[in-house]
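> Per the working numbering, residue 11 is the first one in the first sequence, and the count goes up by one each step. Just so you know, even glycine gets a beta-carbon here, dropped at the ideal spot from N, CA and C. Note that the structure is predicted; figures quoted are calculated from it, not measured. Before I ask anything, here is the structure I am working with.
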Amino acid sequence: MIILEYQAMSIRARFAPSPTGQVHIGNIRAAIFNWLFARNQKGNFLLRIEDTDLERSTPEAIATLLDVMEWLGLDFDEKPPLYQTSQLQNHLDAVQKLLDKGDAYKDSKGGGEEAVIFKIPWDAERIPGVADTGTIQVPVHPEVPVVVSFKGVDYAGVSAKGKPAPGGACLAGFKNLKVLDAEGKVLFDIAGKEEQILDGSLVVELPGAAKLDFTRRTITYHDLVKGDMSKPLDSMRDVVIVRSDGTPVFHIANVVDDITQKITHIIRGDDHVENTFRHIMMFTCLGAKVPKYGHLPMIVNAAGKPYSKRDGDAFVGDFRDKGFLPEALLNYLALLGWSPGDEREKMSRDDLIEAFSLERVLHAAAQMDIQKLTNLNGQYIAEMEPNAFKEMATKFLQVHDWGKDLDDEYLTKVCNLMQSRLKKFADVDQWKYFFADQVEFDEKNLAKQFKEPATRDAIVKIRSAFEAIDFNAEAIETAIHSVTDELGIGQGKLNQPIRGAVTGVGIGAGIYETLELLGKETTLERLDEFLAKY
RNA sequence: GUCUCCAUCGUCUAGUGGUUAGGACACCAGGUUUUCAUCCUGGUAACAUGGGUUCGACUCCCGUUGGAGAUGCCA
C-alpha cells in the first residue's frame, strides 16, 4: 500500500548545498543519500545551489561543487540547477504574504532597522502535528518580571542553584496562560485578553511572578529516519526571516525554494532537526503541503567531532587527489550510517540504489575510517581494466619529475606487475625505482639485509653471474640459485638483499620479475652504485 | 542552563524477548607465495551504567553517565 502511494506521488528529493569552495564528506554524504533515495524510488533528484553568501559563493566554488558531483556520478535532474539568488523576489513575496496574513511581524532590536519575524501561530492547531499535551506549571524566578506580549513570553527560569536562568518562548507556547505568584494567586490570565495581546495593544509586565500555568502544545512529525519527533511550543521562539538589511535568512529561503521546486522529501543532516519544526509551520502558513523529512546522522572525524568546513583533510577533492576511486568512495560513504541488512559491503552503484532505504539509516553518528576506505579502494583497483588502471596510474605518475613521458610498453609491464599491490593511486610514488635514474636507499632495510658482511660478497658474485646471462626472470632465478648453492645458503636468502641493493626498498613485486623489467643494464648499474656506496 | 536526539568489538556494522551476540576493516598467530600484496586457516576484542517489566532481556520502560545537535539578524 505504501509503495503504491510513493509511486503515485513521484517523489522529488534535493541536495541544497551552499558552495563554499570545498565540499566536505558530511555534505556529500547528504547528496549521496538523497540521490540513492530518489533513484531507488524512481523519483527526481534535484540540485539547488544556495549561493546567497555572496562572499564565498564564487563561480569557482560552484564549479568545484558541480565537478565533485559529476566525479561521484551523482547526476541530477532538471538542469540547470536552481540558484537561490535568482529566487530573491520569490522569497520576499512569501514574506509579504506572511506579513499580510499576520503570520509574521516586524520588529527592531536595539533601535536599528526592522527585521521580519515569523510568528509561530497562536492558533497552532492549524499546523499538522500540533496537539495539546496537558496542563503544566513552570517555575519562574521572582526577581525577573514576566513579560507577556505578542512577541512571546519572557521570563527567567530557576536554575539548579536557584539562580535566574534565561527562558522564554513564543506566545503560542502558552495556551490558556495564567501567571501565578508564590502564594498561588493569579497575577494574570490571558483569557479574554488574547485579542489585545495579539494585536500588540497590550503588553503586560508582571513582577513577583513565581509560576506559569498553561496548556502545553507539542508539535510532532514523523521522521523517515528517526521516527516520531516532537517538541513543545513553549521551547520555541519566533524566528527571524528577513534581516534588518532586507535580506532573507536561510529558513524562509530554504522553505520557499522547496515549495518552488515541489520537493516532496527533504533528506538532510541531523543538525537541521530542530529547524524542521519551524519549517513545517512555515510550509503550512504559506499554504503549502508539508514535505516528508528524514534526518541523517553526522559523520564525525577520528576525534569524534563532526567534520566542519575547516576540517583539513575531509574534502572530497582531497580523496580524489589521493587516488581514491569515485565508486569506492561512494560505496564506502553509503555504508556509513547505513547498511543493506545483509553482509554485503562491496556494492556497485546499482546494488546500492536497489538496496537503499531510509528506514535502514542508523540514528547515531558514524566515524570515518580511512583504513577501511583504503581497503575497499584497493579492491576496486584490483578489479580495474588494465588499460584504465594504466591511464589512472599515468596521471598520478606525472606529478613526479621522474614520472613524465614514460615508455608505454615499459609502463604497461610495470602496471601489470603492480596493480594488485596498489591501494590508492597516490601510492605510485613508491614506484620511483622503476623509473628514476637514481634509487633512494632505505638505510634501515639495508642494515637489516646486510647484517652479515658475507652478504655483500654474495652481491658481488651475483653481479658477475648476472653479467653472463640472458636477462629474463627464469635465468635470473637460476643465476641466483647457483650463487646460493655455491655459498651453501638457502635459495631465497639473497632475494631481499638483492632487492634492497637494486630497488632501495624492502617490498615490491617478485624480485625476478622486477629485475627482468628493470633490465640487465639498469640492474648492473644499480648494483655497482650500491657496491660503491656500501 | 534549557530543549531535541543518540549509545553493540579500536572503527563501520548485523541483530527488533530465548543467538556459542554474526560479518567487515584494523591488529596478532599460522599456511601458500622469492619479500610485499593477494589467497587460506585460526585468534584477541563489544551489548556504557543502575533499576524495573518478564519464566527469560543487547532487544521493552525509567533513572544515571557519556556524546552530539539546537538555543544567531549563520547555513
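Assign N397 to one of two classes, buried (16 or more other C-beta atoms within 10 Å of its C-beta) or exposed (fewer than that).
Residue 397 sits at position 387 when you count from the first residue of the first sequence. Per the 10 Å Cβ criterion, exposed.
> For the region 72-87 against the region 29-49, are there 3 or more C-beta pairs whose distance is under 8 angstroms?
A contact exists between the region 72-87 and the region 29-49.
> At which residues does the alpha helix (DSSP H) containing L537 begin and terminate?
For this step, residue 537 is matched to residue 527 along the first sequence. Where L537 is concerned, the enclosing alpha helix (DSSP H) stretches over 530-543.
> Could you give the DSSP three-state label for G388: helix, strand or coil?
Taking the first sequence and counting its residues from 1, the one referred to as residue 388 is at position 378. Three-state DSSP puts G388 in a helix.
> Beta-carbon within less than 8 angstroms of L14's beta-carbon, same chain only, minus the 5 sequence neighbours each way: which residues are those?
Counting from one through the first sequence, the residue named residue 14 turns up at place 4. Reliability fails at L14, whose pLDDT of 43 lies under 50, so the model's placement of it is uncertain and the value that follows must be treated cautiously. Within the same chain, L14 has no close Cβ partners at all.
> So, are the CB atoms of F86 and I277 less than 7 angstroms apart?
Numbered from its first residue, the first sequence carries residue 86 at position 76. Numbered from its first residue, the first sequence carries residue 277 at position 267. Against a cut-off of 7 angstroms, the Cβ pair of I277 and F86 comes out as no contact.
> Report the three-state DSSP secondary structure of H305 (helix, strand or coil).
Along the first sequence, read from residue 1 onward, the residue named residue 305 stands at position 295. Correct three-state label for H305: strand.
> Could you please give the first and the last residue of the uninterrupted beta strand (DSSP E) stretch that includes T145?
For the purposes of this step, residue 145 is taken as the residue at position 135 of the first sequence. Unbroken beta strand (DSSP E) run through T145: 140-149.
> Measuring CB atoms only, is the region 334-342 touching the region 373-389, in the sense that at least three cross pairs come out at less than 8 angstroms?
Judged by Cβ distances under 8 angstroms, the region 334-342 makes contact with the region 373-389, as three or more pairs qualify.
> Taking only the alpha-carbon atoms, compute the straight-line gap between A489 and Y544 and give it to the nearest angstrom.
The sequence position of residue 489 within the first sequence is 479, counting from 1. The sequence position of residue 544 within the first sequence is 534, counting from 1. Approximately 23 angstroms between the Cα atoms of the pair.
> Taking the CB atoms as reference points, tell me whether R39 and I273 lie closer together than 7 angstroms.
Counted from its first residue, the first sequence places residue 39 at position 29. Counted from its first residue, the first sequence places residue 273 at position 263. Not a contact, by the Cβ cut-off of 7 angstroms.
> Measuring straight from C-alpha to C-alpha, what distance separates D164 and F435?
Numbered from its first residue, the first sequence carries residue 164 at position 154. Numbered from its first residue, the first sequence carries residue 435 at position 425. So the two alpha carbons sit approximately 60 angstroms from each other.
> Along the beta strand (DSSP E) that carries D238, what are the first and last residues, could you check?
Sequence index remark: in the first sequence, residue 238 carries index 228 (1-based). Counting along the chain, the beta strand (DSSP E) containing D238 begins and ends at 237-242.
> Which of the three DSSP states, helix, strand or coil, is assigned to F366?
Counting from 1 along the first sequence, the entry for residue 366 is found at position 356. F366: coil per DSSP, three-state reduction.
> Mind checking whether P301 and A375 have CB atoms under 7 angstroms apart?
Taking the first sequence and counting its residues from 1, one reaches residue 301 at position 291. Taking the first sequence and counting its residues from 1, one reaches residue 375 at position 365. Not a contact, by the Cβ cut-off of 7 angstroms.
> Applying the 10 Å Cβ sphere with the 16-neighbour rule, what's the burial state of L525?
Position 515 of the first sequence, counted from the first residue, corresponds to residue 525. Per the 10 Å Cβ criterion, buried.
> CB L62 to CB Q94, shorter than 7 angstroms?
Working through the first sequence from its first residue, we reach residue 62 at position 52. Working through the first sequence from its first residue, we reach residue 94 at position 84. Before going further, note that residue 62 is Thr rather than Leu in the sequence given. For T62 and Q94, yes; Cβs fall inside 7 angstroms.
> Can you tell me which of R354, D268, I517 puts its alpha carbon nearest to the alpha carbon of Q443?
Locating residue 443 in the first sequence gives position 433, counting from the first residue. Residue 443 is actually Tyr in this sequence, not Gln. That would be I517, whose Cα lies nearest to the Cα of Y443.
> Among Y342, M239, L368, L346, which has the Cα closest to the Cα of M357?
Residue mapping note: residue 357 aligns to position 347 of the first sequence, counting from 1. M357 has its Cα closest to that of Y342, out of Y342, M239, L368, L346.
> Note down the Cα distance separating Q448 from R536, rounded to an integer number of angstroms.
Translated into positions along the first sequence, residue 448 becomes position 438. Translated into positions along the first sequence, residue 536 becomes position 526. Spanning the two alpha carbons is a distance of roughly 8 angstroms.
> Give the single residue among E70, E153, K161, G167 whose Cα lies nearest to the Cα of C180.
As a first step, residue 180 must be located in the first sequence, where it is residue number 170. Residue K161 is the option with its Cα nearest to C180.
> Apart from the five residues on each side of it in sequence, which residues of its chain come closer than 7 angstroms, Cβ to Cβ, to E523?
Here residue 523 is taken as the residue at index 513 of the first sequence, counted from 1. Here the set comprises L427, A483.
> May I have the straight-line CA-CA distance separating D9 from I363, to the nearest angstrom?
One cannot answer for residue 9 here, as it falls past the ends of the chain, which runs 11 to 544.
> When you compare only the Cα positions, how much space is there between D191 and I200?
Locating residue 191 in the first sequence gives position 181, where the first residue counts as 1. Locating residue 200 in the first sequence gives position 190, where the first residue counts as 1. Using only the alpha carbons, I get a separation of about 15 angstroms.
> For E419, which three-state DSSP category applies?
As a working mapping, residue 419 is identified with position 409 in the first sequence. In the structure shown, E419 sits in a helix (DSSP, three-state: H, G or I).
> Short of 6 angstroms in beta carbon distance, which residues of its chain neighbour A365, apart from the five on each side in sequence? Order them along the chain.
Here residue 365 corresponds to residue number 355 of the first sequence, with the count starting at 1. The residues are P350.
> To the nearest angstrom, report how far apart D439 and C295 are at their CA atoms.
One-based indexing of the first sequence puts residue 439 at position 429. One-based indexing of the first sequence puts residue 295 at position 285. Each residue's alpha carbon lies about 59 angstroms from the other.
> By a C-beta neighbour count over all protein chains shown, 10 Å radius and 16 as the cutoff for buried, is I146 buried or exposed?
The sequence position of residue 146 within the first sequence is 136, counting from 1. The residue is exposed, with fewer than 16 neighbouring Cβ atoms inside 10 Å.
> Along the beta strand (DSSP E) that carries K550, what are the first and last residues, could you check?
The structure shown does not extend to residue 550, since the chain is modelled only from 11 through 544, so no value can be given for it.
> May I have the straight-line CA-CA distance separating Y16 from D233, to the nearest angstrom?
For the purposes of this step, residue 16 is taken as the residue at position 6 of the first sequence. For the purposes of this step, residue 233 is taken as the residue at position 223 of the first sequence. Because Y16 sits at a pLDDT of 45, beneath the cut-off of 50, its placement in the model cannot be relied upon, and the point is left open.
> With the cut-off set at 7 angstroms, would you say K221 and P149 are in Cβ contact?
Numbered from its first residue, the first sequence carries residue 221 at position 211. Numbered from its first residue, the first sequence carries residue 149 at position 139. Yes, the pair counts as a contact, with Cβ atoms nearer than the cut-off.
> Can you give me the C-alpha to C-alpha distance between D480 and E531, rounded to a whole angstrom?
On the first sequence, position 470 is the one that residue 480 refers to. On the first sequence, position 521 is the one that residue 531 refers to. Going from the Cα of D480 to the Cα of E531 covers about 12 angstroms.
> Beta-carbon within less than 7 angstroms of L208's beta-carbon, same chain only, minus the 5 sequence neighbours each way: which residues are those?
Within the first sequence, the letter at position 198 stands for residue 208. Cβ neighbours of L208 beyond the five flanking positions: W132, F160.
> Going by alpha carbons, who is nearest to W45 out of I35, G256, L57?
By 1-based counting over the first sequence, the position of residue 45 is 35. Of the listed residues, the one whose Cα sits closest to W45 is L57.
> Assign T533 to buried or exposed, taking buried as 16 or more other Cβ atoms, counted over all protein chains shown, within 10 Å of its Cβ.
As a first step, residue 533 must be located in the first sequence, where it is residue number 523. By the 10 Å Cβ count, T533 comes out buried.
> Going along the chain, which residues of its own chain have a beta-carbon closer than 6 angstroms to the beta-carbon of F25, five neighbours each way excluded?
Residue mapping note: residue 25 aligns to position 15 of the first sequence, counting from 1. Excluding residues within five positions, the ones whose Cβ falls inside 6 angstroms are A41, N44, L57.
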